[in-house]
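Numbering-wise, the UniProt record's numbering puts 85 at position 85 of the sequence shown, and it's gapless, one number per residue.
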Amino acid sequence: MDSTDTTTTATSTTSTASTTSTTADTSTILDVSLFRSIVSSGTTTCTLSNGASTTCHKLVFKDNVIHNSNGDLVDDDAGPFCPSGYTMLDGGVGIYDGASGPGFQSLTQTLWDNMAKDGYDLIDEVAGTVCIQDPRLGTTTGENCTAACLNASANDALTVTYLIPVTPQNTTSPTAIGSVQPVGLSLDGIPFTGTPPSVVTGPTGMAAAVGGNIPSLDYCGGHHDPAGYYHWHLIPEAADKVHQAHGTDNLANCGNKITQSSTALTGYAKDGYPIYSYADMVNGVATTPTDLDGCNGHTSATAEFPDGIYHYHASLDAPNMPTCVKGAFVDQRSSPIIK
Numbered sequence: 001m002d003s004t005d006t007t008t009t010a011t012s013t014t015s016t017a018s019t020t021s022t023t024a025d026t027s028t029i030l031d032v033s034l035f036r037s038i039v040s041s042g043t044t045t046c047t048l049s050n051g052a053s054t055t056c057h058k059l060v061f062k063d064n065v066i067h068n069s070n071g072d073l074v075d076d077d078a079g080p081f082c083p084s085g086y087t088m089l090d091g092g093v094g095i096y097d098g099a100s101g102p103g104f105q106s107l108t109q110t111l112w113d114n115m116a117k118d119g120y121d122l123i124d125e126v127a128g129t130v131c132i133q134d135p136r137l138g139t140t141t142g143e144n145c146t147a148a149c150l151n152a153s154a155n156d157a158l159t160v161t162y163l164i165p166v167t168p169q170n171t172t173s174p175t176a177i178g179s180v181q182p183v184g185l186s187l188d189g190i191p192f193t194g195t196p197p198s199v200v201t202g203p204t205g206m207a208a209a210v211g212g213n214i215p216s217l218d219y220c221g222g223h224h225d226p227a228g229y230y231h232w233h234l235i236p237e238a239a240d241k242v243h244q245a246h247g248t249d250n251l252a253n254c255g256n257k258i259t260q261s262s263t264a265l266t267g268y269a270k271d272g273y274p275i276y277s278y279a280d281m282v283n284g285v286a287t288t289p290t291d292l293d294g295c296n297g298h299t300s301a302t303a304e305f306p307d308g309i310y311h312y313h314a315s316l317d318a319p320n321m322p323t324c325v326k327g328a329f330v331d332q333r334s335s336p337i338i339k
């Protein structure tokens, strides 16, 4: 990849959102001033998935730095993840794709019993605890288990670098977002990611993938990758709405960390288009769109783009990310870059 860079270094402070009047045919869709605690920003030449050579934003963030809408740091509040015991209700959520009781649900005794029916025994019967594995450190707590609840520890020494096209380039057909594939980034630079790894088959694309382990997510739909960086499988501003739609209402408290908003700009997709929560503001009223395409996107006015912009919306599915992107993007091996 070519690397003619123009870079501006920024201090780690919270930016105040500004209003930009921009339409989809200009080159200023991504507004760098909207990002919080960005380490540096600039531009570089890049090659997109459609083979085009173009100019990309190069955005660098420290990993695991999360703010609420007031600019307050909430990264220390990540979690809870795996529960402390077999019958305990102090865990997060997960997505189970086995035969018994599949779906988005709380990490509770009901799930563990259903997984055991399918041959995935996560319970240390002697201690009465759930076997928990840290994929980053390679350690497991608990014994006599055939599977584990996955809870990777954090590595706060990493940076996350994104290459996002300055001018989105639509492709002939959308590109589907596969399991654990990048979707884009939040306004804090936290990666937006597709569906978590399958419990049944294990992580997609790994030669030695082993099934049976379930990734734990917190109430906002986030957790740490085995490398140690926090990322989201839910658009957090709409997380509580997802809980309400899927019967996990007792866990609908992501709003204690991330302000819940039906119309918020949440970040940008990897093709350069904005991602919003599940509604648009129409004549002062939050309105759920009825003209969304297969990627859960459409063109309309938003607060940041009053002249209209193509943008994606969160759904009420779990995960609630766009399932495809309309435009070309930098290959996932090159963006985001974690180091």
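Note that the Cβ used here is the ideal one computed from N, Cα and C, for glycine as well.
If you're wondering where the values come from, they're calculated on a predicted model, not measured in any experiment.
Asked                                                                                                                                : Found
Rounded C-alpha distance that separates ILE214 from ASN283                                                                           : 44 angstroms
Separation of GLY91 from ALA279, as counted between CA atoms                                                                         : 30 angstroms
Chain-order list of residues whose beta-carbon lies under 7 angstroms from that of ILE190 (same chain, five-residue window excluded) : ILE66, TYR230, HIS231 and TRP232
Own chain partners of ASP262 with C-beta closer than 7 angstroms, once the 5 adjacent residues on each side are dropped              : The residue you asked about is not Asp; residue 262 is Ser in the sequence shown. Excluding positions up to five away in sequence, the list reads SER277, TYR278, ALA279 and ALA286.
Exposure label - residue 374; buried when at least 16 CB within 10 Å                                                                 : Lying before the first or after the last residue shown, residue 374 is absent from the chain, which here runs from 1 to 339.
Coarse secondary structure for ALA239, derived from DSSP in three states                                                             : helix
Three-state secondary structure assigned by DSSP to ASN170                                                                           : strand
Same chain, Cβ closer than 7 angstroms to SER153, neighbours up to 5 away in sequence not counted                                    : ASP134, ARG136, LEU137, HIS224 and GLY228
Collapsed DSSP secondary structure at HIS57 in the structure displayed                                                               : strand
Per DSSP, cross-strand counterpart(s) of VAL282                                                                                      : VAL285
Contact check, PHE329 vs GLY267, beta carbons under 8 angstroms                                                                      : no
Collapsed DSSP secondary structure at ALA176 in the structure displayed                                                              : strand
Those residues which DSSP pairs with GLN133 across a bridge                                                                          : THR140 and LEU150
Inter-residue spacing [alpha-carbon to alpha-carbon] between SER103 and ALA147                                                       : Before going on, a small fix: residue 103 reads as Gly here, not Ser. Using only the alpha carbons, I get a separation of about 18 angstroms.
Whole-number beta carbon distance between VAL39 and THR172, since they are thought to touch under 8 angstroms                        : With a Cβ gap of about 36 angstroms, THR172 and VAL39 do not count as contacting.
Of the listed residues ILE258, ASP271 and ILE338, nearest to ALA52 (C-alpha basis)                                                   : ASP271
Contact belief for TYR273 with LYS339 at Cβ below 8 angstroms, rounded distance in angstroms                                         : So it is not a contact: roughly 26 angstroms between Cβ atoms.
Bridge partner(s) assigned by DSSP for LYS62                                                                                         : THR159
Proximity test, GLY211 beta-carbon vs the ligand HEM heavy atom, cut-off 7 angstroms                                                 : What this structure holds is no ligand at all, so the ligand HEM is not there to describe.
ALA208 (DSSP reduced to helix, strand or coil)                                                                                       : Caution is warranted here: a pLDDT of 49 is assigned to ALA208, below 50, making its placement in the model unreliable, and no coordinate value can be reported.
ASN64, buried or exposed, once every other Cβ within 10 Å from all chains shown has been counted against 16                          : buried
VAL325 (DSSP reduced to helix, strand or coil)                                                                                       : strand
Burial state of PRO196 (16 or more Cβ within 10 Å)                                                                                   : buried
Cross-strand partners of VAL93 (DSSP beta bridge)                                                                                    : SER106 and LEU217
Buried versus exposed call for PRO319 [16 or more other C-beta atoms within 10 Å across all chains shown]                            : buried
Continuous beta strand (DSSP E) stretch holding PHE192: start and end                                                                : 191-193
Contact under 8 angstroms by Cβ, SER69 with THR259                                                                                   : yes
In chain order, each beta strand (DSSP E) run of at least 3 residues that lies wholly inside the segment 236-276                     : 265-269 and 274-276
Status (buried if at least 16 other CB within 10 Å, exposed otherwise) for GLU125                                                    : exposed
For TYR86: DSSP bridge partner residues                                                                                              : DSSP, once it has assigned bridges, lists no residue as partnering TYR86.
DSSP beta-bridge partners of SER300                                                                                                  : ILE309
CB contact flag (VAL93, THR248, <8 angstroms)                                                                                        : yes
Contact under 8 angstroms by Cβ, GLY184 with ILE123                                                                                  : no
TYR96 versus CYS82: straight-line alpha-carbon distance, rounded                                                                     : 14 angstroms
Whether GLN169 touches ASN50 by CB criterion (8 angstroms)                                                                           : yes
THR186 versus GLY79: straight-line alpha-carbon distance, rounded                                                                    : Before going on, a small fix: residue 186 reads as Ser here, not Thr. Those two C-alpha atoms are separated by around 18 angstroms.
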